[in-house]
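With this note's numbering applied, the sequence shown covers 7 to 186. In this text, a Cβ means the ideal position worked out from N, Cα and C, and glycines have one as well. Quantities reported herein were computed from a predicted structural model and do not represent experimental measurements. Written out below as structure tokens is the structure these notes cover.
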Amino acid sequence: MKRPGRLKSRFRRRGASPAGAGFTLLEILLALALMALLAGVLVSGSAHLIGDKPSTAEDVFWKAMQQGRKGALTSERDVRLNFDPKEKNFVLDDGVSTQLLAVPPAKDLTVDFLSAQAGRGLVLIGGEAVDAQTVPFVTLYADGTCTPFRVQFRKGGPAHILAIDPWTCAQVLPKVEGTP
């Protein structure tokens with residue numbers, strides 16, 4: 007019969023020797039699982055931070071439209087959307103609270119809300135036709151619709167105009183050649 011003390015000393019000696027030192031399979035698997043968990047948290051967290059920031063005035067406009075329409079639907083109050091050219095902010099106002107959405111810094115940026123009827127107030131500025139028939143704000147209604155309007159973005163160069171559908175508050179897609 008073997009003595010328990012002798013068995014313990016045999017394992018103690020084996021663990022202390024350089025040839026018997028190493029990691030068990032369980033330790034390796036736990037380390038890999040921990041690294042995978044940390045990598046998943048870091049990647050998902052950084053993707054959320056990067057993906058949530060609008061990069062252009064047009065991106066901020068669409069975010070403002072989305073938040074304004076959602077606010078109008080949930081609060082059952084009309085929400086006004088306008089652009090503050092001095093502070094470079096889109097302003098959402100539901101009559102109770104005001105929310106500002108800042109546009110990323112851009113030199114010579116102008117954003118104008120225009121009447122839905124195209125071509126009535128065209129002005130030539132620097133050789134470019136710019137629509138000058140502006141409206142001070144647009145309204146996002148509590149039923150999910152909005153004022154018929156167009157939005158014009160100018161940043162030093164030619165104007166970029168988007169027509170907005172009053173029923174869906176989404177961009178009116180341009181007609182493709184060859185379609186009725």
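- Listed in chain order, the non-local C-beta contacts of E64 below 7 Å within the same chain comprise F159, local neighbours out to five positions each way being set aside.
- Beta-bridge annotation (DSSP): R86 is paired with D99, T145.
- The alpha-carbon of T116 is positioned some 44 Å away from that of L44.
- Distances from the CA of Q139 to each of F119, P154, A148 were compared; the closest alpha carbon is that of F119.
- Within its own chain, the residues whose Cβ lies closer than 8 Å to the Cβ of R75, once the five positions on either side in sequence are excluded, are V85, L146, G150, C152, C175, listed in chain order.
- The three-state reading of DSSP puts L179 in coil, since its state is none of H, G, I, E or B.
- For the options T104, P110, A27, the alpha carbon positioned closest to that of F67 is the one of P110.
- Rounded to the nearest angstrom, the gap between the Cα atoms of S52 and G184 is 44 Å.
- When the Cα atoms are used, D171 and P154 turn out to be separated by approximately 6 Å.
- The beta-bridge partner set that DSSP reports for L48 is empty.
- Non-local C-beta neighbours of A108 in its own chain, meaning closer than 7 Å and more than five positions away in sequence, comprise K94, N95, ordered along the chain.
- V182 places its beta carbon 9 Å or farther from that of A169.
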